[in-house]
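Protein chains in written order, with the working numbering: chain A, 1 to 631; chain B, 632 to 1262; chain C, 1263 to 1893.
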Amino acid sequence: MKRTLGTCYYPEHWTEDIWAEDAARMADLGLTWVRIGEFAWSRLEPAPGDLQFGWLDRAFDTLAQTGLKIVLGTPTATPPRWMLERHPDMLAVDAQGRARGFGSRRHYCFSHDGYRAEAVRITALLAERYGRHPALGAWQTDNEYGCHDTVLSYSEAARRAFRDWLAQRYQSPDALNRAWGNVFWSMEYRDFDEIELPNLTVTEPNPAHAMDFRRFSSDQVARFNAAQVETIRAHSDAPISHNYMGRITEFDHFATGRQLDIATWDSYPLGFLEDRLEEADAHKRRYARQGDPDFQAFHHDLYRSVGHGRWWVMEQQPGPVNWAPHNPAPLPGMIRFWTWEAFAHGAEAVCYFRWRQAPFAQEQMHAGLLRPDHAEAVGHAEVAAVAADLTAAQDVETTKAPVALIFDYQAAWSWDVQPQGRGCDYFRLVFEVYRGLRKLGLSIDILPPDTRDFTDYDLILAPGLDMPPPDLIPAIAVSGAQALFGPRFGSKTDAFAIPVPLPPAISGLDAVVARVETLRPDMPVPVTGGGAITLWREHLEGGAQVLDRDADGLPVLLRAGSLHYLGGWPDPTYLARVLTRLAGAAGVLVRELPDDIRIRQSGPTLFIFNHGPDPVEFDGTRIPPAGFLRR
Amino acid sequence: MKRTLGTCYYPEHWTEDIWAEDAARMADLGLTWVRIGEFAWSRLEPAPGDLQFGWLDRAFDTLAQTGLKIVLGTPTATPPRWMLERHPDMLAVDAQGRARGFGSRRHYCFSHDGYRAEAVRITALLAERYGRHPALGAWQTDNEYGCHDTVLSYSEAARRAFRDWLAQRYQSPDALNRAWGNVFWSMEYRDFDEIELPNLTVTEPNPAHAMDFRRFSSDQVARFNAAQVETIRAHSDAPISHNYMGRITEFDHFATGRQLDIATWDSYPLGFLEDRLEEADAHKRRYARQGDPDFQAFHHDLYRSVGHGRWWVMEQQPGPVNWAPHNPAPLPGMIRFWTWEAFAHGAEAVCYFRWRQAPFAQEQMHAGLLRPDHAEAVGHAEVAAVAADLTAAQDVETTKAPVALIFDYQAAWSWDVQPQGRGCDYFRLVFEVYRGLRKLGLSIDILPPDTRDFTDYDLILAPGLDMPPPDLIPAIAVSGAQALFGPRFGSKTDAFAIPVPLPPAISGLDAVVARVETLRPDMPVPVTGGGAITLWREHLEGGAQVLDRDADGLPVLLRAGSLHYLGGWPDPTYLARVLTRLAGAAGVLVRELPDDIRIRQSGPTLFIFNHGPDPVEFDGTRIPPAGFLRR
Amino acid sequence: MKRTLGTCYYPEHWTEDIWAEDAARMADLGLTWVRIGEFAWSRLEPAPGDLQFGWLDRAFDTLAQTGLKIVLGTPTATPPRWMLERHPDMLAVDAQGRARGFGSRRHYCFSHDGYRAEAVRITALLAERYGRHPALGAWQTDNEYGCHDTVLSYSEAARRAFRDWLAQRYQSPDALNRAWGNVFWSMEYRDFDEIELPNLTVTEPNPAHAMDFRRFSSDQVARFNAAQVETIRAHSDAPISHNYMGRITEFDHFATGRQLDIATWDSYPLGFLEDRLEEADAHKRRYARQGDPDFQAFHHDLYRSVGHGRWWVMEQQPGPVNWAPHNPAPLPGMIRFWTWEAFAHGAEAVCYFRWRQAPFAQEQMHAGLLRPDHAEAVGHAEVAAVAADLTAAQDVETTKAPVALIFDYQAAWSWDVQPQGRGCDYFRLVFEVYRGLRKLGLSIDILPPDTRDFTDYDLILAPGLDMPPPDLIPAIAVSGAQALFGPRFGSKTDAFAIPVPLPPAISGLDAVVARVETLRPDMPVPVTGGGAITLWREHLEGGAQVLDRDADGLPVLLRAGSLHYLGGWPDPTYLARVLTRLAGAAGVLVRELPDDIRIRQSGPTLFIFNHGPDPVEFDGTRIPPAGFLRR
């Protein structure tokens, strides 16, 4: 498959007289795609019912004339001000009870039926008008679901919808009371309408209550997205996508992914490094101009799965951004580097956000490929270099990796609802395992928890999976792959209770988690042979084979055939030992890479990336900063 | 007196068919007491007036059949959901103005008359039915007053009650204006109904206003408790208790203690260490599996006083808990260790929370003596060991200590209202003095500020007592004991003003606090001879005998006969010097103990406890971690 | 001019029988001024319309009899409780939407018309009664505008007034939409009444929206002040002042300054050091008893400009205060030191806050010249020493400094609205430049951005001035002074957009800021030759002469004739290099001072101050701590 490039463009931000020149410059640069429209509602419908599609018609035509293909976004992330007069209660409400008002974006509650109908209405109008336009290449629903913490809403609309959702799920208040264990603290309900949203309670609410609210909230996103998808499909055969963000776990991306044709995501490596990682200052300083060595790759692999193999970077950082605590410039070469890293992981297209830096409003300090004065910005030349690369280079194949890592959004919610210890976060754990695999030179597929076909995987990891589907273990066992579970595997029932018999209840593995403790980060428990358990530690009992013990003699790693159970949170050293052992058993070759180096096998091609600020000697070749090799 | 053991049990959490077995296992383990009922309102009265006492009758009978004695809790900490329909305004309101809703526990405002009447109603029903039951051993009112920051409420009910309370106290707005100094900043009121609660002011409210609100709030707790106590006494002769928590200072425990027969408290050493102490990380790491060496002892001694000598541990941590920032497991042996520490300080009974770990709801990660699968948890064997100890060992006598430490809840409020420097906290100061005494091997009685009989005490300390009763000094002086006052002694009038003549106004001591300063923690002022003053420093003037001076030549420690005044917050080194000097003058023997060792003299018996994670040689004996000696 | 002393006195706090003695003691101490009345509304008008001026008449007379001159404050910072019954909606509302209630002070919204009318009414009554009183020396409007974060209010009154203000400014919603760039994210308005205050938006509001709210809020302060000033002028010829605070940037002090005759400020060096500076702990510890070496001087120089040369210290810290995180006592001698520092910078008068420490209400722990028991406090003797100094010493001349530093409140708002990187604060930048100049021994004038006459200045600095008036550069260029601009110079249009052509657009300087990045504080970029750029870094392009480059070879300092542009935030080392270079070019002599020493040239007199806690040898003379020389 031919990899392609694109950009994000806002014709409504500029006078029409420069559209044609912009389009020509895009084409000259070697771009294929241009995304438009996703924030333009106030220009498409300045007043209720006053539809103004003429300018968008002209933008379509102007862009199409140079051969560009259009990704059209539905503008539902930015309802105009007049929408609030029609639906004064459409705003989301934060956990403190404050309405989240007009004046920026994403000012709607996913549970508000009236607003969802408006979103369907504008989507239908766009789909009817542009669904068969020859330049239309793809759709995007809304923009960055969940950004700015917008999944969880404590509005009246959400309250009503949550009660309905609970009534559907449990059918009777008594069933709900039993499932949640509401006898504890006399929290029993006599009617679904007695149930409030789980905010502003005196102390923590029932975790089963909180967990169901998390499931409900995720379902509301899927329902909102589905309404748009169905509307578009009625009028258009173009593939439909959504642009996800980094480390948003409040809704199940696999659920929306099943509705869509392509997954895309918005990759801002420098912003994410500063804003969304637990790493130490030294790490953040070292990678300040390159981004974390694994964060982008993780999301590439995740969204490849969410998109069933079809995925893009819809917004690629092209220079400094405006929203992180600090916003440095990338090292020279990083725009090209990030683009090729995406291709190495199978991206069909990489689009740069944005074509021209807007001199006004919230993102005026966010770089574009052009400066506000229309001159080429620093990133422009790097994109030209990528375009030249694409012409010159062989295409990249995407193949299955030998390693599968299971990622479950539901587990992210349940860990969040009940971390049991500060710092115990599901994404963090899975990401640390992912990083550990990458440091051993492995390429990874990230899979949803409902995966049942594990053919061709040699190594399967399911860290932290506390609510596994009942048929997962058999499916993994039958695959013959070496598999690692734990900590916390199977530790919750669907109703957020501790199962009896006690976890992990892995068939064939004679072990129970007799108790759980969480540890201060400064009191790791060493494991015999090297490394340590930190943060989360389980006391395992039973007759299973013990592969490792800790300094207190307690079992840490158990085994039954190809299945392994890890009873704690491993530090990087011990993690490397565990992964190396399992890879050895699986016949997967590992290689300890230098700190800054990561590799990715894409079909017959091996990509080698230097994420550090210094040159690295690797296999006799010197790789400069922001440099990469293709073999 | 024979010391006894018990547990906390929730028959309503389990099917009736296992109650008998549970009761038998409790008896087999050597338990005497079982506390039940304190969260069961929704099962006792599932709908308003629909009383369902049958199950509780059967639970009483089943437990009684094995000889267990019952502590019955009133369920008023957990009003059922229907209560809110009857009293929609019964919720407490936080300082930010948000109602603290249903969905956990303690969701009521102490000032709400309607809810208090409901609490009396259910208490009366229970007292009438079980007040004379042969198995009833004691009562518990409500549960953990003040837990989850529930004493201070900014509700409409509280506002009305506060105005009435002020009207009673001051009789006229003018009297209040004069007392508070409301002329300052034109804060004068013309009517009690003009007075708001002291939250959400532009900058700090008048401290006299805040102080009266603190007194009022404490009084509301006492009033709420008194209503239950009176109701129970009408129908029962069993002793009445309440289970207090650790480091809750928002209400005067001595005031509720005067209404009750027994004080109990809920001792969670590991949770408290992480959650409620200012200590450095190194200290928290060292004691992570044992708890702070002095925190439990402090509360044992405090509640012995609150209970007029009669006190229990009603809830003893039996393994990891679920609510602290980190929740490690205790060292092996700590359950037995903590139990014996309580007995050494005079506990009549120690009950473990809880019998069986609940697999559902908020506390599902809180250990019990049994696991959720009914198997014995780690703590079970330690309780069996204690039961064996009790059979084998001589009983523990409780005697008066040679040292008295005065603790005044009112001082905690006033320091909180006006700390004058970050870190200046009354509990912290008193606790540091307590720790200093313990490190010198002393046993201590903690006394309320209205104590007048100091017979048999050789050493009396009243650190931080800013609002002493007028007849305290004469009572202490007449006792002949060596006494230490300050800092801040007598520095506030009852109306929260600086008294003139200036403090400390200790008869016979020619000194005034000419000025006060608070210090950054990194700028201690050395005291000649060793140690330093930190955080709080007074500039003393006058002709009193100066025992110590600081590096600037200012007096630090003054003396008039047996009375001493300390003009600052001592660091541990200087504190040890001061305490050693006074103990010497008092003829009390001190002994500098190793860091991890604490001792307690109980009648003729000396208990020696090793709180550290390592063995300690002490007087030629090696005490292992979690170990203790009895001599 | 003869420098004078004074104090702040509250006759309403004391019984009338001691007024005469107080007045006599003030006169004996050598005081000239006594400020009264500014919080006394509830005593002047205990009930609506019930005017009680008798006591104030008597206070005037008593004070006047000893020759004291009175500064009369309007009591509008403390409306009485009854005012809220007349104007229940007069309270300010915080950014979280909570009304900021009665019970302390400054409980009003500047936008409330009803309250402003009340303020005018009481002002008129005072002006009519005392405007021609022979003892009246000056007026003070209100008290410390902006203290306790009271400029920004999100009340309904503010919302209405903001809409009117916007309508005045933009005339049509379309003009506003274009100016703000509201097409971005569909934020367009159809009516001014659709515009909300910029709080509680989902993510950040449009910075143009936030910026206009900041301008509006500042204008409301000016409008409130103007109403009082006009009222007073109708009845009195006495000069009118306001007492500003330290580091309050929410309103434009130059704007209120233009309405007033004298600027005064309230100087609390120790409180400010702890509370309002970004400095490291070591710095705060070193100067804990002296205050920051430059903070007071900065405000002296700033308010000399705000007052057009006429300025006072209205409240001088006389001992420990009550409101900072820690409140230490000043070093002996500091009261005198601070007073003389103010005189060296041109203060006409220094008044001490307060005469006698109040034993009641919020500030009872704030020192006065007298203790609550009427005895002399520590500061009293130091004031007596100053009075003696004044008798003995030659008067201080005030002359223009050779260095001008431009300070623009609007820039403070715009940096605040869009810092782009954590720690990027306008006041901090300007203050660091000011400190850098002082460490080189320079005396400085601080000027408003509308200054056009730069005669006699040799060196002009305008750091961080992002919205310069269009005619500023020509005025500076014509002066011939060496001038330094940047970073961020000219980077915003009046409508808060990036200008095209790109900044800095300094005529004659061929350079554009091609991009901007913000840096973690731990990743400074070294400048060739010494020092580094930190926090904020611009990538400069163009043909201008490059004076310094950074380690990446990027230009840092550019020059065109006498105009220089600095493309980043300099660390102290590099700042010293830049300032030394420019001073050299300007023919201004610099001298690297010891860390603790600062000097101030006042006409022919050179003042040398030792701000450190240790003696310093300077030019052969030993200056003790809290010591200073006059040459």
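Note that CB positions come from ideal geometry on N, CA and C, so glycine has one too. Quick caveat: nothing in here was measured; it's all calculated off a predicted structure.
Item: Chain C contact residues for Y820 (chain B), given Cβ-Cβ distances below 8 Å; Value: R1343
Item: Cut-off 6 Å between Cβ atoms - residues of its own chain near S217 (chain A), not counting five sequence neighbours on either side; Value: V151, L152
Item: A1302 (chain C) - DSSP class collapsed to helix/strand/coil; Value: coil
Item: Whether G436 (chain A) touches P572 (chain A) by CB criterion (8 Å); Value: yes
Item: Contact list for the stretch 664 to 685 of chain B against chain A, Cβ threshold 8 Å; Value: F670, A671, W672, S673, R674, P677, A678
Item: Residues that DSSP places opposite D548 (chain A) in a beta bridge; Value: A:L557
Item: Helix, strand or coil at Q948 (chain B) according to DSSP, with G and I counted as helix; Value: coil
Item: Within 8 Å, strictly: CB atoms of D1179 (chain B) and V1156 (chain B); Value: no
Item: Neighbouring residues, chain D, relative to S735 (chain B) (Cβ below 8 Å); Value: The chain inventory of the structure shown lacks chain D, comprising the protein chains A, B and C.
Item: Cβ neighbours of D634 (chain A) in the same chain (closer than 7 Å, five flanking residues each side left out); Value: Missing from the structure shown is residue 634 (chain A); chain A here goes from 1 to 631 and no further.
Item: Secondary structure of T231 (chain A), DSSP reduced to three states; Value: helix
Item: Three-way DSSP call (helix, strand, coil) for Q1041 (chain B) in this model; Value: helix
Item: Which listed residue (B:M657, B:V1027, B:A894) has its alpha carbon closest to that of T697 (chain B); Value: B:M657
Item: Q995 (chain B), enclosing alpha helix (DSSP H) - first and last residue; Value: Segment: none, Q995 (chain B) is in no alpha helix (DSSP H) and carries neither H nor E.
Item: Residues sharing a beta bridge with I1524 (chain C), DSSP; Value: C:S1503
Item: Proximity of A750 (chain B) and A858 (chain B) at Cβ, strictly below 8 Å; Value: yes
Item: Paired residues, beta bridge with A1724 (chain C) - DSSP; Value: C:F1747
Item: Beta-carbon gap between G1849 (chain C) and D1720 (chain C) smaller than 8 Å; Value: yes
Item: Near-chain C residues of the stretch 362 to 379 of chain A (beta-carbon distance less than 9 Å), N- to C-terminal order; Value: Q362, E363, Q364, M365, A367, R371, P372, D373, H374, A375, A377, V378
Item: Through-space distance from H611 (chain A) to H283 (chain A), alpha-carbon basis; Value: 12 Å
Item: Contact under 8 Å by Cβ, H1374 (chain C) with V833 (chain B); Value: no
Item: Burial state of E397 (chain A) (16 or more Cβ within 10 Å); Value: exposed
Item: Expected contact under 8 Å - CB spacing of A342 (chain A) and V386 (chain A) to nearest Å; Value: Going by Cβ atoms, the distance from A342 (chain A) to V386 (chain A) rounds to 10 Å, so no, they are not a contact pair.
Item: Which of helix, strand or coil DSSP assigns to Y189 (chain A); Value: coil
Item: Where R582 (chain B) sits in the DSSP three-state scheme; Value: In the structure as shown, chain B starts at 632 and stops at 1262, and residue 582 (chain B) therefore has no counterpart that could be examined.
Item: For F844 (chain B), the three-state DSSP class (helix, strand or coil); Value: helix
Item: Contact under 8 Å by Cβ, P1587 (chain C) with V1131 (chain B); Value: no
Item: heavy atom of the ligand NAD below 7 Å from P1134 (chain B) C-beta; Value: This structure simply doesn't include the ligand NAD, nor any ligand for that matter.
Item: 7 Å CB neighbourhood of G1569 (chain C) in its chain, flanking five on each side removed; Value: G1519, I1524, A1525
Item: Interface positions of the stretch 939 to 951 of chain B facing chain A (Cβ-Cβ less than 9 Å), listed along the chain; Value: G950, P951
Item: Minimum Cβ-Cβ distance from E1169 (chain B) to chain C less than 8 Å; Value: no
Item: 8 Å Cβ cutoff, T693 (chain B) in contact with chain A; Value: no
Item: Closer than 8 Å at the beta carbon, the chain A residues around K915 (chain B); Value: R520
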